[in-house]
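Undergrad: One line per chain: the protein sequences are A and B, in this order.
First residue of the first sequence: 1, per the numbering used here; consecutive thereafter.
First residue of the second sequence: 1001, per the numbering used here; consecutive thereafter.
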Amino acid sequence: MCSAFLCFIKRTVLAAMVCWMLLLTEVQFVLADENERWGIGQTATPEEIQAWDIAIRPDGKGLPPGTGNVEEGKTLYLQRCALCHGAEGKGGLNDKLVGRLPSGEFPFAEPGAPKKTIGNYWPYATTLFDYIRRTMPYQNPGSLTDSEVYSVTAYLLYLNEIIAADLQLSANNLATIKMPAVVRFVPDDRLQTSNVR
Amino acid sequence: MTRLIKNIKRRELLRQGVTATGALLAASALQANGRYMGPPVSVSGERAAEVNLKRQTLALTHSFTPLQQLHGIITPSDLHFERHHSGVPDISEENYKLLLHGLVERPLKFTLAELKRFPAVSRICFIECAGNCQDYFSLSAETTAQRLAGQTSQSEWTGVALSTLLKEAGLRPGAKWLLMEGGDAALMTRSVTLEKAMDDAIIAYAQNGEPVRPSQGYPVRLVLPGWEGSSCVKWLRRIEVGDQPWMTREETAKYTDPLKDGTVRQFSCVMDARSIITSPTFPQQLEKGWHEIRGLAWSGRGRISKVEVSVDGGGSWEPAELQQPVLDKAYVRFRKMWQWDGKERLLLSRATDETGYIQPRVKQLIDIRGQGSLRYHNNGVIGWRVNPDGSIYYDPVV
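#1: For the beta strand (DSSP E) holding residue 1317 of chain B, just list the boundary residues, first then last.
#2: Using a Cβ cut-off of 9 Å, which residues of the segment 1256 to 1278 of chain B contact any Cβ in chain A, in chain order?
#3: Alpha carbons only, please: which of B:1140, B:1157 and B:1299 is nearest the one belonging to residue 1282 of chain B?
#4: Under 8 Å: do the segment 131 to 142 of chain A and the segment 1075 to 1087 of chain B share three or more Cβ pairs, one atom per stretch?
#5: In chain B, which residues lie with their C-beta within 8 Å of the C-beta of residue 28 of chain A?
#6: So, with DSSP's three-state summary, where would you put residue 1385 of chain B?
#7: Could you check if residue 145 of chain A is buried or exposed, using at least 16 other CB atoms within 10 Å of its CB as the buried criterion?
#8: In angstroms, rounded to a whole number, what distance separates the CA positions of residue 58 of chain A and residue 1177 of chain B?
#9: When you check each C-beta in the segment 28 to 60 of chain A against every C-beta of chain B, which residues fall closer than 7 Å?
#10: At what residues does the alpha helix (DSSP H) containing residue 1116 of chain B begin and finish?
#11: What residues in the segment 1074 to 1095 of chain B have a beta carbon less than 9 Å from any beta carbon of chain A?
#12: Give the residues of chain A in contact with residue 1221 of chain B, contact being defined as C-beta atoms less than 8 Å apart.
#13: DSSP has residue 1244 of chain B in a bridge; who is on the other side?
#14: Give the DSSP-derived three-state secondary structure of residue 175 of chain A in the structure shown.
#15: Would you please verify whether the beta carbon of residue 1154 of chain B is less than 8 Å from any beta carbon of chain A?
#16: Leaving out five residues before and five after residue 154 of chain A in sequence, what residues of the same chain have Cβ atoms less than 7 Å from its Cβ?
#17: Determine, using beta carbons only, whether residue 197 of chain A comes closer than 8 Å to chain B.
#18: Since residue 1109 of chain B meets chain A, which of its residues come closer than 8 Å, beta carbon to beta carbon?
#19: Can you list the residues of chain A that residue 1114 of chain B reaches, using a CB-CB cut of under 7 Å?
#20: Please report the distance separating the alpha-carbon of residue 1294 of chain B from that of residue 1149 of chain B.
#21: Anything in the segment 1188 to 1203 of chain B with a Cβ closer than 9 Å to a Cβ of chain A? List those residues in chain order, please.
#22: Taking the C-alpha atoms as reference points, what is the distance between residue 1144 of chain B and residue 1052 of chain B?
#23: Rounded to whole angstroms, what's the CA-CA distance from residue 1102 of chain B to residue 1109 of chain B? Just pull it up for me.
#24: Return the chain-ordered list of same chain residues with a C-beta closer than 8 Å to the C-beta of residue 1277 of chain B, the five sequence neighbours on each side being excluded.
#25: Looking at the unbroken alpha helix (DSSP H) that takes in residue 50 of chain A, where does it start and where does it end?
#26: What residues from chain A crowd round residue 1368 of chain B, counting only those whose CB sits closer than 8 Å?
#27: Helix, strand or coil for residue 1306 of chain B? Go by DSSP, reduced to three states.
#28: Who are the neighbours of residue 1205 of chain B on chain A, taking C-beta pairs under 9 Å?
#29: For the alpha helix (DSSP H) containing residue 198 of chain A, name the first residue and the last one.
#30: Which of the three DSSP states, helix, strand or coil, is assigned to residue 1037 of chain B?
#31: Do you know offhand how far residue 1077 of chain B's Cα is from residue 1161 of chain B's?
#32: Report the neighbours of residue 201 of chain A on chain B: residues whose CB is nearer than 9 Å to its CB, in chain order.
#33: Answer yes or no: do residue 1214 of chain B and residue 1205 of chain B have a C-beta to C-beta separation smaller than 8 Å?
#34: Checking contacts by CB at 8 Å: is residue 178 of chain A closer than that to chain B?
#35: By alpha-carbon positions, which one of B:1071, B:1370 and B:1130 ends up nearest to residue 1260 of chain B?
#36: Hey, is residue 1408 of chain B's beta-carbon within less than 8 Å of any beta-carbon in chain A?
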């Protein structure tokens, strides 16, 4: 009787242990469900994000405080940009930045096409601010203040006959500037067919 | 004997416990039958002294893979092409972190060690610069496959699936695009669709079994299988989730395709099917008789299903053999034995992928897009002219 009871206890304990181990096995190797996370990585603080989050969108999201103008932009351009991009942005060691085409002309698919400039090809003025701030001047990127970036942006937009000489450029108006080529940009449609496009 | 002594010195036999006298005696004895004792084991291997494999550099910003000197489908990591915008940054693991924020439930940051704790994925795929073959019309006849089309390479990439990280952070409603930002001096940025990010994007920390090399993005780069190289942001330090593209300079002013109808095709990131014969090509010298025409074919749309070669400039085409494995969005090595009869020949190759897309002639691309458009995404058929004297030259066929 006693030994049968002991045997029963043994079996029960053993069964419970097996069940427990099976359960353990499951939680050790897979996530419980598709909503569970691995829990790897730390929370990124608002300060950490703010320090790196400098991207500007076409709708103006991300544009910082500050203001700039054509006159100051010209002074900065001659000091910091002209060596590579030429006086008045006509090109030098690096890209030509300034140039317009007669209205309605867009010959970039033709052989011997003109140089793509801010005025004849760039679809968004916000891209100009973003790119100057993140990448220029080439040898010392990040060295311009936000107001200086507004000024260089203003000068280049002025040279490209996009804005007037007296415009004060800031977060209030940069995203509203309409670039001539913006209407020409269309999303990729090649993958809708196996034909060559 | 001088050479032997030099060899012995170089290989530091003394350090191995062999006396100079003994080594010299051994060297002398072995010289009689042309054999001599080789170097002992070493901590890292080198290529044979007479093998000269080098990237070809152009300006400060481009280098090209020596396609015509390689075999198989994996590019040795040190020969992977480069395209940098502001040089190769020196980033240590200690100073590295990856930020993931924006339209997510939980903004997160990861160290390299943390990224390695996630489930790993590995895959073989090509990475090709959108501007590969951009000098198609201006290069001379004395142009190698490397200089013409060497802005493409293939590796096995290992890392964590981007979808895994996005799930960890939790996407918020409206998430459609991601900004990818590099930690180089240019802080290079590209916008990537959420669809691609969730499909097969890899946050890669290893290349061909070793940590990603600095020129390829150490410690971490983005790999988007089948997409143009510039979207595979190197030295990746920040991922922001948003509801629209950022319209960065590299997806507006650059890497876009102006078309004949006056529009500009944007976000044309998938690389269409291409093939190139890598042998025989310039500067090889051919003898009459049997040769194997060899090359690479790939497509950003999927697997290669067929490669054909022509030796008469496209008058007739013959199917080439495809070396297994044929992988998705990856190089396949093709081969075709051919008996050269000593006559002038024009060698071409043409790839077809599993979607039915057939690699076009350059003339087709000019007719559809315009020649000025072919600064980027020129995947036209490439030609090599074999002259009766056995010389082979690049031929910009249309």
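Where a beta carbon is used, it is the ideal one built from N, C-alpha and C, also for glycine.
A quick note: this is a predicted structure, and the numbers were derived from the prediction, not measured.
TA: To lay it out plainly:
#1: Here residue 1317 of chain B belongs to no beta strand (DSSP E), and DSSP marks it neither H nor E.
#2: Residues passing the 9 Å Cβ filter: 1256, 1257, 1258, 1259, 1260, 1261, 1262, 1263, 1264, 1265, 1266, 1267, 1268, 1269, 1270 and 1272.
#3: Ranked by Cα distance from residue 1282 of chain B, the options B:1140, B:1157 and B:1299 are led by B:1140.
#4: Result yes; three or more Cβ-Cβ pairs closer than 8 Å.
#5: Close partners of residue 28 of chain A in chain B (Cβ separation under 8 Å) are lacking, with about 14 Å as the shortest Cβ gap.
#6: Strand, per DSSP.
#7: Burial call: exposed.
#8: C-alpha of residue 58 of chain A to C-alpha of residue 1177 of chain B: approximately 14 Å in a straight line.
#9: Within the segment 28 to 60 of chain A, the residues whose Cβ lies closer than 7 Å to some Cβ of chain B are 37, 38, 40, 41, 42, 43, 44, 48, 49, 52, 53, 55, 57 and 58, listed in chain order.
#10: Start and end: 1112 to 1117.
#11: Correct list: 1085 and 1086.
#12: Contacts between residue 1221 of chain B and chain A, judged by CB atoms closer than 8 Å, are missing: the closest CB pair is about 17 Å apart.
#13: Beta-bridge pairing links residue 1244 of chain B to no other residue.
#14: In this structure, DSSP gives residue 175 of chain A a helical state, which the three-state scheme calls helix.
#15: Taking Cβ atoms only, chain A never reaches closer than 8 Å to residue 1154 of chain B, which makes this a no.
#16: The residues are 68, 69, 70, 73, 163, 167 and 169.
#17: At least one chain B Cβ lies under 8 Å of residue 197 of chain A.
#18: Here the neighbours are 41, 42, 43, 44 and 48.
#19: Residues of chain A passing the Cβ test: 40 and 41.
#20: Cα atoms of residue 1294 of chain B and residue 1149 of chain B: separation of roughly 15 Å, rounded to the nearest angstrom.
#21: Answer in chain order: 1188 and 1189.
#22: Computed Cα separation, rounded: 15 Å.
#23: Near 12 Å, if we compare the C-alpha coordinates of residue 1109 of chain B and residue 1102 of chain B.
#24: 1145, 1293, 1294, 1295, 1309, 1347, 1348, 1349, 1382 and 1384.
#25: From DSSP, the alpha helix (DSSP H) with residue 50 of chain A extends over 46 to 52.
#26: In chain order: 196 and 197.
#27: In the three-state scheme derived from DSSP, where H, G and I count as helix and E and B as strand, residue 1306 of chain B is classed as strand.
#28: Taking a Cβ-Cβ threshold of 9 Å, none of the residues of chain A is close to residue 1205 of chain B; the smallest such distance is about 14 Å.
#29: Any question about residue 198 of chain A goes unanswered here, given that chain A covers just 1 to 197.
#30: Three-state result, residue 1037 of chain B: coil.
#31: When only Cα atoms are considered, residue 1077 of chain B and residue 1161 of chain B end up about 21 Å apart.
#32: Nothing about residue 201 of chain A can be read from this structure; chain A reaches only from 1 to 197.
#33: The answer is no: Cβ separation not under 8 Å.
#34: Not an interface residue.
#35: Residue B:1370 is the option with its Cα nearest to residue 1260 of chain B.
#36: Absent from the structure is residue 1408 of chain B, since the part of chain B shown begins at 1001 and ends at 1398.
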